[in-house]
Amino acid sequence: MASPMRVNDMKRVYVNEKWCLGCRLCEYNCAFASSGIRYMAKALKGKAIFPKIHVEGDDGITFAVSCRHCTDPICVKSCIAGAIYKEDGVVKINREKCVGCLTCVLVCPYGALAPGSDGVMQKCELCTQSGGEPACVKGCPNRAIVYEER
Amino acid sequence: MAEYIIVGNGTAAAGCIEGIRSVDAAGGITVVSEEKNPVYCRPLISYLLGGKTDENRMNYRPADFYEKNGCRVLYGRRAEKIDPEERTLQLDDGSVLKYDALCDAAGSSPFVPPFEGLETVEKRFGFMTLDDAKALKKAVKKGSRVLIVGAGLIGLKCAEGLRAVTENITVCDLADRVLSSILDAECASLMQKRLEENGISFMLSDSVASFKGNTAVMKSGKTVDFDVLVTAVGVRANTSLVRDASGEVNRGIAVNDRMETSIKGVYAAGDCAEGFDVSSGSRKVLALMPSAYMEGHAAGVNMAGGDERLANEIPMNSIGFFGLYAMTAGSYEGTLYEERPEGGIKRFYVKDGVLAGFMLIGQTERAGIYTSLVRERTPLRDVNFEILKKIATSAAFSSQIRGKKFGGVV
Ligand SMILES: Cc1cc2nc3c(=O)[nH]c(=O)nc-3n(C[C@H](O)[C@H](O)[C@H](O)COP(=O)(O)OP(=O)(O)OC[C@H]3O[C@@H](n4cnc5c(N)ncnc54)[C@H](O)[C@@H]3O)c2cc1C
């Protein structure tokens with residue numbers, strides 16, 4: 001008998017802080033992947049970057065934070081513009097509708113949302129547009145960020 | 001097959017529809033909608049004024065929302081009377097609908113004080129609905145002098161939106177500061193300064209005594225000439241349906257944690273109902289969009305025979321004007337801790353070992369980490385509050401808690 005499909009049957013980005021070097025390559029790889037520009041230097045060099053993943057921590061411990069794609073996401077319930085929604089398990093934002101009120105920043109318990117360079121909110125959508133492994137995972141030198149089912 | 005009725009067609013109603021359908025795919029849902037539009041994002045009406053959004057992008061749900069959820073929507077109809085014995089609802093056209101469960105999601109209405117001479121003002125508007133916004137947008141031209149009565153969230157959002165159209169905006173309020181229900185004097189003055197720098201004028205600790213046509217005579221004796229008047233003094237919960245059916249009503253409709261009113265089979269959600277504010281331990285109207293959705297959803301699940309309890313709502317606001325943001329949550333009770341990062345103020349209120357509330361202006365990054373401490377009533381001894389006061393970061397949690405947050409399914 002086929003096992004019933006679980007809601008959580010999907011890959012997500014997970015971090016293991018013990019292996020995180022704090023190198024911030026994930027931030028650069030994310031910003032590059034989102035830029036739509038072909039060459040990394042052209043996309044990022046000398047520019048303020050607005051990645052959808054960011055590294056927090058201090059000298060002792062570092063870890064990367066990006067959207068958890070919660071089972072029951074409070075950002076979706078709270079968005080005053082009806083711009084955040086969940087599709088096939090991925091929490092997405094319609095940037096055309098967002099008015100930049102930052103209510104999602106006020107409610108996300110993980111601190112995973114921040115505005116992009118244009119003041120409109122952006123968030124990790126697991127690189128679903130480009131397909132394959134998310135760029136932060138692909139580029140992590142110590143496999144501190146993985147993309148798997150848990 | 002169960003018959004459900006929802007009165008109102010706002011965010012709480014949308015939550016209710018989704019709540020019902022998460023349990024019951026088949027029952028009939030009838031939505032009684034006084035407004036003639038599909039559910040839209042009410043807070044976006046101020047963004048419409050300034051052209052930052054348009055009607056097409058203001059929808060709260062996709063165009064096929066009602067159809068996909070098998071809902072019948074009666075546009076332009078008002079619910080008039082609940083008969084709790086017969087379980088029927090009478091509408092303004094005299095028709096009578098039967099229900100097994102009904103959700104009152106009638107929202108709130110603007111409260112307009114009885115100003116002397118108000119009827120002599122030619123162009124006056126409220127600011128609650130899409131129709132209000134469209135009518136106001138039409139009336140205000142470049143150079144129009146606008147007087148807004150009320151320096152709360154709605155009045156100021158209206159002012160910000162209109163600023164894109166005209167330079168002549170005055171806001172008055174009886175309170176001595178802007179946003180007096182959520183900000184203290186110092187934070188309010190920072191926000192007022194930002195608004196003034198952007199061309200909004202204020203008359204605070206003063207309000208209108210009377211109107212004579214297009215002139216307002218203030219309580220202070222000053223006079224203000226204007227072309228367009230907006231009243232945004234406050235809102236009141238629409239409680240009459242439940243009250244008239246002898247249901248329990250305070251400032252809002254009284255409900256339990258399943259959103260049940262004191263009338264069997266009748267639920268209430270959103271601006272018309274009282275939620276449970278876990279930060280103060282009291283029931284109060286939480287006239288906020290996130291609360292409206294969550295209450296509506298819980299009501300819907302329970303109407304359809306499920307069990308969803310709502311026990312940890314909190315008042316919370318994220319509000320920005322001309323790029324300066326304030327975020328507030330919970331209650332301002334207990335011991336105050338203050339931080340002054342560059343360009344901002346952070347205030348934390350600690351009571352009984354938990355974060356009861358906070359007020360941030362300027363520095364608001366990752367504020368949701370604070371909000372979750374308030375909502376979850378996390379004991380502060382389990383976190384590094386010294387770090388947290390300075391910056392909102394998950395580094396303040398133990399690595400075990402972090403492991404759960406970032407290494408597990410949440
Ligand atoms: C300008 C503005 C800005 C705002 N900004 C924010 C913000 O930034 N953040 C935030 O959290 N909240 C904000 N709010 C508040 C937020 O919009 C409300 O809390 C939310 O819309 C409440 O949803 P609701 O479904 O309970 O009620 P509503 O959206 O008010 O819907 C109720 C509906 O019921 C209808 N109705 C009433 N009586 C009857 C009847 N007898 N029969 C049939 N229909 C009836 C009404 O016409 C109305 O359409 C703002 C509000 C305004 C006006």
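Protein chains in written order, with this note's numbering: chain Y, 1 to 150; chain Z, 1 to 410.
Glycine included, each C-beta is placed from N, C-alpha and C at the ideal position.
Fair warning: this is a prediction, and the values are worked out from it, not measured in the lab.
Inset, instruction - Taking C-beta pairs closer than 9 angstroms, name the residues in chain Z that Lys-97 (chain Y) reaches, listed in chain order. - result: Within 9 angstroms Cβ-Cβ: Cys-41, Leu-44, Thr-53, Arg-57, Met-58 and Asn-59.
Legend entry - Chain-ordered residues of the stretch 45-65 of chain Y with a beta carbon less than 9 angstroms from chain Z: So the close ones are Glu-56, Gly-57, Asp-58, Gly-60, Ile-61, Thr-62, Phe-63, Ala-64 and Val-65.
Legend entry - Sub-9 angstroms separation of Ser-394 (chain Z) and Glu-56 (chain Y) beta-carbons: In this structure, Glu-56 (chain Y) lies closer than 9 angstroms to Ser-394 (chain Z) by Cβ.
Inset, instruction - Leaving out five residues on either side along the sequence, give the residues of the same chain with a beta carbon under 7 angstroms from the beta carbon of Ile-314 (chain Z). - result: Correct list, in chain order: Asp-277, Val-278, Ser-279, Ala-329, Gly-330, Val-374 and Arg-375.
Legend entry - At least three beta-carbon pairs within less than 8 angstroms, the stretch 110-118 of chain Y to the stretch 393-408 of chain Z: Flag = yes, the stretch 110-118 of chain Y and the stretch 393-408 of chain Z touch.
Legend entry - Alpha-carbon spacing of Asn-250 (chain Z) relative to Gln-90 (chain Z), whole angstroms: The straight-line gap from Cα to Cα measures roughly 24 angstroms.
Inset, instruction - Output, in chain order, the set of chain Z residues within a Cβ distance shorter than 7 angstroms of Lys-77 (chain Y). - result: Residues of chain Z passing the Cβ test: Pro-290, Tyr-293 and Met-294.
Inset, instruction - Keeping to the same chain, check which residues put their C-beta closer than 8 angstroms to that of Gly-265 (chain Z); ignore five residues upstream and five downstream. - result: For Gly-265 (chain Z), where only same-chain residues beyond five positions count, the Cβ hits under 8 angstroms are Pro-84, Arg-87, Tyr-99, Asp-100, Ala-101 and Leu-102.
Inset, instruction - Answer yes or no: the CB of Thr-103 (chain Y) versus the heavy atoms of ligand 1, is any distance below 8 angstroms? - result: True, at least one ligand heavy atom lies under 8 angstroms from that Cβ.
Inset, instruction - From the DSSP output, in three-state form, read off Pro-43 (chain Z) for me. - result: When DSSP states are grouped into helix, strand and coil, Pro-43 (chain Z) belongs to the helix group.
Inset, instruction - Give a yes or no on whether 9 angstroms exceeds the smallest Cβ distance from Ile-182 (chain Z) to chain Y. - result: Not one beta carbon of chain Y lies nearer than 9 angstroms to the beta carbon of Ile-182 (chain Z).
Inset, instruction - For Met-5 (chain Y), I'd like the list of residues in its chain whose CB is within less than 8 angstroms of its CB, leaving aside the five on either flank, ordered along the chain. - result: At Met-5 (chain Y) the pLDDT is 45, less than 50, meaning the model places this residue with poor confidence and gives no usable figure here.
Inset, instruction - Establish whether the CB of Ile-319 (chain Z) and some CB of chain Y are separated by less than 9 angstroms. - result: Ile-319 (chain Z) counts as touching chain Y.
Inset, instruction - Using a cut-off of 8 angstroms between C-beta atoms, extract the partners of Leu-25 (chain Y) located in chain Z. - result: The contacting residues do not exist; Leu-25 (chain Y) stays about 17 angstroms from chain Z at best.
Legend entry - Glu-338 (chain Z): first and last residue of the uninterrupted beta strand (DSSP E) it sits in: Looking at the DSSP string, the run of the beta strand (DSSP E) that includes Glu-338 (chain Z) is 335-339.
Legend entry - CB of Val-39 (chain Z) within 9 angstroms of CB of Thr-231 (chain Z), strictly: Thr-231 (chain Z) sits away from Val-39 (chain Z), with the two beta carbons spaced by 9 angstroms or more.
Inset, instruction - Would you mind reading off the limits of the beta strand (DSSP E) that contains Gln-90 (chain Z)? - result: For Gln-90 (chain Z), the enclosing beta strand (DSSP E) starts and ends at 88-91.
Inset, instruction - Please report how far the alpha carbon of Ser-205 (chain Z) lies from the alpha carbon of Asn-37 (chain Z), in whole angstroms. - result: Those two C-alpha atoms are separated by around 38 angstroms.
Inset, instruction - For Gly-334 (chain Z), collect the residues of the same chain with a Cβ closer than 7 angstroms to its Cβ; drop the 5 residues on either side in sequence, then sort them by chain order. - result: Hits under 7 angstroms: Tyr-349, Val-350, Lys-351 and Ala-356.
Inset, instruction - Just grab the DSSP bridge partners of Lys-212 (chain Z) for me. - result: In the DSSP secondary-structure assignment, Lys-212 (chain Z) is bridged to Z:Thr-215.
Legend entry - Start and end residues, beta strand (DSSP E) containing Pro-110 (chain Z): Where Pro-110 (chain Z) is concerned, the enclosing beta strand (DSSP E) stretches over 108-110.
Inset, instruction - Write down every uninterrupted run of the beta strand (DSSP E) in the stretch 285-359 of chain Z whose length is 3 residues or greater and which is fully enclosed by it, in chain order. - result: Whole beta strand (DSSP E) segments, 3+ residues: 316-321, 324-330, 335-339 and 345-351.
Inset, instruction - Please report how far the alpha carbon of Gly-247 (chain Z) lies from the alpha carbon of Ile-263 (chain Z), in whole angstroms. - result: Going by the C-alpha atoms only, they are around 6 angstroms apart.
Legend entry - Boundaries of the beta strand (DSSP E) in which Arg-375 (chain Z) is found, first to last residue: Arg-375 (chain Z) -> not in any beta strand (DSSP E); alpha helix (DSSP H) instead, spanning 368-376.
Legend entry - Selected residue, minimal CA-CA separation from Val-354 (chain Z), among Z:Gly-281, Z:Ala-326 and Z:Met-327: When the alpha-carbon of Val-354 (chain Z) is set against those of Z:Gly-281, Z:Ala-326 and Z:Met-327, the nearest one is in Z:Gly-281.
Legend entry - Whole-angstrom distance between Ser-109 (chain Z) and Pro-141 (chain Y), CA atom to CA atom: Their backbone Cα atoms lie some 57 angstroms apart in a straight line.
Legend entry - C-alpha gap between Gly-150 (chain Z) and Leu-156 (chain Z), whole angstroms: Going from the Cα of Gly-150 (chain Z) to the Cα of Leu-156 (chain Z) covers about 8 angstroms.
Inset, instruction - Anything in chain Z within Cβ reach of Tyr-39 (chain Y), meaning under 7 angstroms, just list it in chain order. - result: Near Tyr-39 (chain Y) there are no residues of chain Z at all, since even the closest Cβ is about 30 angstroms away, more than 7 angstroms.
Inset, instruction - Compute the Euclidean distance between the alpha carbons of Val-410 (chain Z) and Val-23 (chain Z), then round it to the nearest angstrom. - result: About 22 angstroms.
Inset, instruction - Please classify Lys-77 (chain Y): is it buried, with 16 or more other beta-carbons within 10 angstroms of its beta-carbon, or exposed? - result: With 16 or more neighbouring CB atoms inside 10 Å of its own CB, Lys-77 (chain Y) falls in the buried class.
Legend entry - CB of Gln-122 (chain Y) within 9 angstroms of CB of Arg-95 (chain Y), strictly: Closer than 9 angstroms, so yes.
Inset, instruction - Give the DSSP-derived three-state secondary structure of Ile-401 (chain Z) in the structure shown. - result: In the structure shown, Ile-401 (chain Z) adopts helical secondary structure according to DSSP, grouped into three states.
Inset, instruction - Go ahead and label Gln-192 (chain Z) buried or exposed: buried means 16 or more other beta carbons lie within 10 angstroms of its beta carbon, across all protein chains shown. - result: So Gln-192 (chain Z) counts as buried.
Inset, instruction - Using a Cβ cut-off of 9 angstroms (strictly closer), state whether Ser-3 (chain Y) contacts chain Z. - result: For Ser-3 (chain Y), the predicted model reports a pLDDT of 42, less than 50, meaning its position is unreliable and no value from the coordinates is stated.
Inset, instruction - Give the secondary structure of Met-1 (chain Y) by DSSP, where H, G and I count as helix, E and B as strand, and everything else as coil. - result: In this prediction, Met-1 (chain Y) has a pLDDT of 37, which is less than 50 and means its spatial position is unreliable; what the coordinates show is noted afterwards. Of the three classes helix, strand and coil, the one that applies to Met-1 (chain Y) here is coil, per DSSP.
Inset, instruction - Report whether the distance from the Cβ of Tyr-93 (chain Y) to the nearest heavy atom of ligand 1 is below 8 angstroms. - result: One detail in the question is off: residue 93 (chain Y) reads as Ile in this sequence, not Tyr. Remark: the shortest separation between the CB of Ile-93 (chain Y) and any heavy atom of ligand 1 does not fall under 8 angstroms.
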